[in-house]
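So the structure is just underneath, and the comments pick up after that.
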Amino acid sequence: MKRGIGLVLVGLGVFLVVLGALMRFTVVPAVAKAPLSPGESDGGVTQTAQAGVAAKLFDPATLTERVDVPLTVTRYTRGDVPASQTEEAKAGDLAIYDTFQRVEDNAGVVVLANTARFAFNRVTSEMSNCCGANLDGENVEMSGIVPLKFPMFTQPQNYPYFDTSINSTVEAVYEGQEDLDGLPVYKYVVTVEPTQTGTIEVPGDLVGSPLPTFVAPRYYSNVLTMFVEPQTGAIVKGESVQLQTLRGPDNADKVTILDAVIGTTPEEASAGIEYAKTQSALITLLNNTVPLVAVILGAILLIVGAILVLTSKRRQGGSHAGASAS
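Take 2 as the starting number for the sequence shown in the working numbering and just add one per residue.
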């Protein structure tokens, strides 16, 4: 009887240990990935919102600078699932996202707008230059992590972050762990020093040139702060301190195109935090809790089962010896 129970316990123990290992090393890696269609539950498109104030905003209609202008930023993101099913995309385990972003003032006038198509690894968030990846329809060499999210299981370290305004990577510097409404997050800061992003032809007197018109260099700088939930890599909150200017013949800033602080709205941050809590808890359950409990319980059952089998053999051996002596 004991031997039979012991064998059953040994079998259950082996099953639980194998289950724990499979959960940790097979199931979790298969499901802990960026979705191919991030807006699947919202008709295929996700929408995020930011808001802020431009201390200065250039008005091209009047060639003057407006002050203290409220701004809203809306980003729409859609996953191109068919593109992610091509051989090239499957080989790199890539997700393909198309995004459109617009910045509007308080009168609903579009101040800035841009489009992007990103191809990136679903686990590491590393960008790829395949599958039609582009910025505003132009092919750009992309590298580093996608600006939409950090890697799954983000580590407390610096990451190369791709900035779409300068079409280059900038270091996302890890600055420690914080707590947002009960959610542990990592803080990252990306600092973009003044960088020329193009030129604009303007009246010469606007930038201090004696010429009727002057091709003014356009410069961009930014300090971007992001709070990342490490299990999922989700950016749950962020703030951008951005400056765009035009420089004159003396290479000094003459016109401020945009001087603004823009960040995640409280409503958007709250929703993102709650969603990240749910996803993080699920990943923790599958990646840590269930495998650990399964392995520990399996080991206990193995030990108990082995003891029952061994003691049963000894008793059987003792019984045979006694029978022989008589």
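We put the CB at the ideal spot given by N, CA and C, even for glycine.
Asked: Helix, strand or coil for Phe59 per DSSP?; Found: strand
Asked: Excluding the 5 residues flanking Leu311 on each side, which residues of the same chain have their C-beta closer than 7 Å to its C-beta?; Found: none
Asked: Expressed to the nearest angstrom, what Euclidean distance is found between the alpha-carbon atoms of Val147 and Phe163?; Found: 6 Å
Asked: Using the three-state DSSP reduction, which class does Asp137 fall into: helix, strand or coil?; Found: coil
Asked: Thinking C-alpha only, which one of Lys278, Thr87, Ile297 and Ser85 is nearest Gln232?; Found: Lys278
Asked: Where does Glu179 land, buried or exposed, given buried means 16+ other C-beta within 10 angstroms?; Found: exposed
Asked: Just list the residues that DSSP pairs Thr170 with in beta bridges.; Found: Phe163
Asked: With a CB to CB cut of under 6 Å and the five nearest residues on each side skipped, what residues in its chain are close to Pro195?; Found: Tyr220 and Ser222
Asked: List the residues that DSSP assigns as beta-bridge partners of Ile258.; Found: According to DSSP, which records beta bridges pairwise, Ile258 is partnered with nothing at all.
Asked: Taking DSSP as the reference, what is the three-state secondary structure of Asp180?; Found: strand
Asked: Take every Cβ of the stretch 112-129, pair it with every Cβ of the stretch 88-104, and state whether three or more of those distances are shorter than 8 Å.; Found: yes
Asked: So, are the CB atoms of Glu240 and Thr49 less than 8 Å apart?; Found: no
Asked: Determine the extent of the beta strand (DSSP E) in which Gln102 is found, giving its start and end residues.; Found: Leu95 to Asp106
Asked: So what does Asn122 bridge to, in DSSP terms?; Found: Leu95
Asked: If distances are taken between C-alpha atoms only, which option among Phe16, Gly138 and Phe154 comes closest to Ala35?; Found: Phe154
Asked: To which residues does DSSP link Lys150 through a beta bridge?; Found: Partner(s): none; Lys150 has no beta bridge.
Asked: Report the partner residues of Asn252 according to the DSSP bridge assignment.; Found: Note: Asn252 sits in no beta bridge, so no partner.
Asked: For the beta strand (DSSP E) that Glu230 lies in, which residues bound it at each end?; Found: Thr214 to Glu230
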